[in-house]
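Here numbering that gives the first Met the number 0 is used: position 81 in the sequence shown is 80, and no number is missing along the way.
All residues carry an ideal CB built from backbone N, CA and C; glycine is no exception.
Remember, predicted model here, so these are calculated numbers, not experimental data.
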Amino acid sequence: MSPKRNERAAPPPLGQEWDIRFSDTDSAKGWEELARQVPGSLRECFERLRAEPAPRTPSPRHSRLRHDHAVRNWRGRDLPQWQYEVTGGGRVWYVVDVETRTVWITYASPRHPKVTE
């Protein structure tokens with residue numbers, strides 16, 4: 000069965016790990032496409048999001064989005080939106096909900112997001 004909106008992206012978190020979920024079906028499909036094409040890189044992304052989704056020191060691959068994409072309204076709250084560069088073009092965008100310790104994946108694709116072109 001294909002993942003659907005609000006389904007778990009992975010097993011439940013343990014200890015201080017963050018829960019990772021899809022915000023919509025398109026994000027779930029994009030995640031699966033990345034998993035088929037670059038499983039090792041996506042696994043590294045997953046591990047980083049699970050451990051520290053909002054790093055204090057951003058890296059070239061893992062940083063807060065800027066300008067119009069820096070904040071996203073999620074369920075009535077403005078949350079910071081981040082990006083993880085899985086490949087040269089592949090991206091995972093997500094919001095960090097500190098209250099629920101949940102990472103909501105808002106975009107996942109092996110292709111660069113068109114909204115930033």
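Check: Spatial distance of P10 from R20 (CA atoms); Outcome: 10 angstroms
Check: Residues near M0 in its chain [Cβ-Cβ closer than 7 angstroms; skip 5 each side]; Outcome: Caution applies to M0, whose pLDDT of 43 falls short of 50 and renders its modelled position unreliable; the value that the coordinates give is listed next. Around M0: no qualifying Cβ.
Check: Alpha carbon of R47 to alpha carbon of N72, nearest angstrom; Outcome: 23 angstroms
Check: Cutoff 9 angstroms: R20 Cβ touching any chain C Cβ; Outcome: Judged by its chain identifiers, the structure shown contains no chain C, having just a single protein chain.
Check: Beta-carbon separation (whole angstroms), W17 vs V102, contact threshold 8 angstroms; Outcome: 5 angstroms
Check: Contact check, V95 vs A53, beta carbons under 9 angstroms; Outcome: yes
Check: In chain order, each alpha helix (DSSP H) run of at least 4 residues that lies wholly inside the stretch 6-70; Outcome: 24-36, 38-50
Check: Simplified DSSP state of V97, which is helix, strand or coil; Outcome: coil
Check: Enclosing beta strand (DSSP E) for R76 [first to last residue]; Outcome: 76-84
Check: Under the three-state DSSP convention, the category A107 falls into; Outcome: strand
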